[in-house]
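The numbers in numbering that gives the first Met the number 0 rise by one with no breaks, and the one at position 202 of the sequence shown is 201.
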Amino acid sequence: MKLLFILTCLAAGLQEGLPVRFSSNFDSGSIGEVSLIDSVWVRPSRTDSVLHLSYEIISRLDPANPANPELQPSGRWFYFMMEGVKGKHIYLDFKNTDPMRAVYSYDGKHFQRFEHYQASLRKVSSFFSRDTVYVSYFIPYGWDKLQERLRQWTASPFVVMDTLGTSMMGLPVQMLAITDPQVPEERKNRIWIHARVHPSESPANWQLEGLLDRLTDNSPVARQYLRQSVFYVVPFANPDGVYGGYSRSNARGINQEINWDHNDSVTSVEVQALRARMDSLTRERPFDLVLNMHAQSDDKISYYVPTSASTYPEYHEKAMRLAYLTTDNNPYFFMEDMFYSSPAPRYVEGWIWNRTKGKTLAMTIEMPYSFYNENPDRPWVTVTSLRENGELMLRAISDFFGWNIPGRYILKGTLRGKKTIFRHENLPAGEYQVFIWKDAWVPCDTVIKKRTGMFRCVIRTDGEPYTGPLRVSEKATLRN
């Protein structure tokens, strides 16, 4: 397998033996043109002097798109190494990309954001304590990182890895099937998730990692998830793009996100592999849910919710319910953060819609790079918060399908006039908070069960009867 790397090196021979070198010949690395704009020695004291170096950086553009030549190539992603920077003041001016506060690492593994006083929109101004530093648009999630995590996830007896096909550069398009094989498939909800269609959107993989870690942690909650579902997960839908450090395309220049309705000559081999496997898995029964995981420059989490006019009211209501379940008790995601769209056939959502006419709910979810809810005063995006969002999305999926998991039970009611009666045949002893659903879980009662057995709850209304679910959560585990 022969892979193409792009290596850009700049030697700034400012004084003998002290060049600054830029390079990107590593997994997910990318840099375009680097120009030295200024160099000056500054004496902060009589005995000290500091070299200030200013660089202008033009990020590498994706290749021209043969499927959609009208689209301008993107140059958002950068990830490069600088050598020879210790003790120098380095100023970076990014001309064709928009980092709010870029990230850096001295070992290529542990990244942190530049502080507010070191970085702003498109700018970095910093001293470095070591001679080699990596600088990136966001915390990378590269090919090697994924292979390491795949080895860990597939150690579980509930995870099977398969290859859907091979990319143009020879990388496998890998898929995980995650379920408890002892439970018959017909009893399970079927969920398809793919991420990293746009290779620069590494927050999507950090979110997905949180979901997968929770799904495979062998806890009682995780085991119950696996009894009630089968997850088909493609972590890298565009492996060439990720490995090659592209922004929104594969190595051929194709934007796979809008490639689902093209003819074969300009359909990427990766999209062909995804479509073929989705076809084979749904010949007898459609997926219940398809999630397309991305990241966006808008400083908020968003679902792209299909409108009622472009689908039908019940479908839109289902989409809104999943979206609002994901915001519920989520400190990062709020109801007002949604976008609304139509399922156009060039997107996976439209491709699914045309095939199932609403039998499968299909949506895109976007993570931010900078901060949440368009509020820079809130905590900024971290790997920890992205992983937490993955766990919260899994919890929302569980509530959406009405899965009963230890400490958290979702009950369907039976209408009797203006009464709605909810039952659980064998609720464990404990103290519970009871919730009804009104675009969020609203507490309505507290129940103490002294012994395991039948639970019964009646909701009475003066107007229209309540038709939503009831959630019964053990107080000690309300965030299950």
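Where a beta carbon is used, it is the ideal one built from N, C-alpha and C, also for glycine.
Boundaries (first-last residue) of the alpha helix (DSSP H) holding residue 305
Careful: residue 305 lies outside any alpha helix (DSSP H), inside the beta strand (DSSP E) at 301 to 305.
Going along the chain, which residues of its own chain have a beta-carbon closer than 6 Å to the beta-carbon of residue 307, five neighbours each way excluded?
315
Backbone CA spacing between residue 6 and residue 64 [nearest angstrom]:
A caution first: residue 6 carries a pLDDT of 35, below 50, which makes its placement in the model unreliable, though a value can still be read off. The straight-line gap from Cα to Cα measures roughly 22 Å.
Other residues of its chain near residue 34: CB distance less than 7 Å, five sequence neighbours each side excluded:
54 and 55
Between which two residues does the alpha helix (DSSP H) holding residue 364 run?
It is not in any alpha helix (DSSP H) - residue 364 instead sits in the beta strand (DSSP E) that spans 360 to 367.
Looking at residue 26 and residue 143, is the spacing between their C-beta atoms short of 8 Å?
yes
For residue 328, is the classification buried or exposed, using 16 other Cβ atoms within 10 angstroms of its Cβ as the cut-off for buried?
exposed
Using the Cβ count rule (16 or more neighbours within 10 Å means buried), how would you classify residue 294?
buried
Tell me, which residues are paired with residue 163 by DSSP?
Answer by DSSP bridge pairing: none, since residue 163 is not bridged.
Where do the N-terminal and C-terminal ends of the beta strand (DSSP E) with residue 412 fall, by residue?
412 to 415
Determine whether the beta carbon atoms of residue 74 and residue 248 lie at a separation below 8 Å.
no
Does the beta-carbon of residue 362 have 16 or more other beta-carbons within 10 angstroms, so that it is buried, or is it exposed?
buried
With a threshold of 8 Å, are at least 3 pairs of Cβ atoms found where one atom belongs to the stretch 163 to 181 and the other to the stretch 228 to 245?
yes
Terminal residues of the alpha helix (DSSP H) in which residue 396 lies
382 to 400
Along the chain, where does the beta strand (DSSP E) that runs through residue 256 open and close?
First-last for residue 256: undefined, no H or E at that position.
If we count Cβ pairs, one from each stretch, closer than 8 Å, do we get three or more for the stretch 190 to 200 versus the stretch 281 to 298?
yes
Are residue 202 and residue 113 touching if we call contact CB-CB under 8 Å?
no
Count the other CB atoms within 10 Å of the CB of residue 4; is the residue buried (16 or more) or exposed (fewer)?
Reliability fails at residue 4, whose pLDDT of 35 lies under 50, so the model's placement of it is uncertain and the value that follows must be treated cautiously. Residue 4 should be labelled exposed.
So, do the stretch 216 to 223 and the stretch 119 to 136 have three or more beta carbon pairs nearer to each other than 8 Å?
no
Which class does residue 11 belong to by DSSP, given the choice of helix, strand or coil?
The pLDDT assigned to residue 11 is 39, lower than 50, so where the model puts this residue is not dependable, and the model offers no usable value.
For the stretch 154 to 228, list the alpha helix (DSSP H) runs that are entirely contained and at least 4 residues long, ordered along the chain.
202 to 214 and 219 to 226
Residue 5 (DSSP reduced to helix, strand or coil)
Low confidence applies here, because residue 5 scores a pLDDT of 33, under 50, leaving its location unreliable and the question unanswered by this model.
Evaluate contact between the stretch 458 to 470 and the stretch 400 to 418, counting only Cβ atoms and requiring at least three cross-stretch pairs below 8 Å.
yes
Report, in whole angstroms, the separation of the C-beta atoms of residue 393 and residue 210, which I expect to be a contact under 8 Å.
5 Å
Hey, residue 79 and residue 36 are a contact pair by Cβ (cut 8 Å); roughly how many whole angstroms apart?
Wrong, their Cβ atoms sit about 17 Å apart, outside the cutoff.
May I have the straight-line CA-CA distance separating residue 70 from residue 235, to the nearest angstrom?
23 Å
Which residue spans inside the stretch 20 to 60 form an unbroken beta strand (DSSP E) run of at least 3?
20 to 22, 32 to 41 and 49 to 57
Taking residue 423 as the reference, which of 456, 141 and 85 has the closest Cα?
456
List, from N- to C-terminal side, the beta strand (DSSP E) runs of 3 residues or more that fit wholly inside the stretch 60 to 125.
78 to 82, 88 to 93 and 102 to 104
With 16 as the cutoff for other CB atoms within 10 Å, does residue 335 come out buried or exposed?
exposed
Would you list the one or two residues that DSSP bridges to residue 293?
365
Just reading off the beta strand (DSSP E) that residue 425 is part of, what are its end residues?
418 to 426
Residues of its chain near residue 13, where Cβ-Cβ distance is below 6 Å and the 5 sequence neighbours each way are ignored
Summary for residue 13: the model assigns pLDDT 40, below 50, so the residue's position carries little reliability; its value from the coordinates is reported in the next sentence. Once the five neighbours on either side are set aside, the close Cβ partners of residue 13 are 38.
Since residue 345 and residue 257 should fall inside the 8 Å C-beta cutoff, what is the C-beta to C-beta distance between them, to a whole number of angstroms?
4 Å
For residue 85, the nearest candidate out of 115, 50, 91 and 57 (CA to CA):
50
In three-state DSSP terms, what is residue 138?
coil
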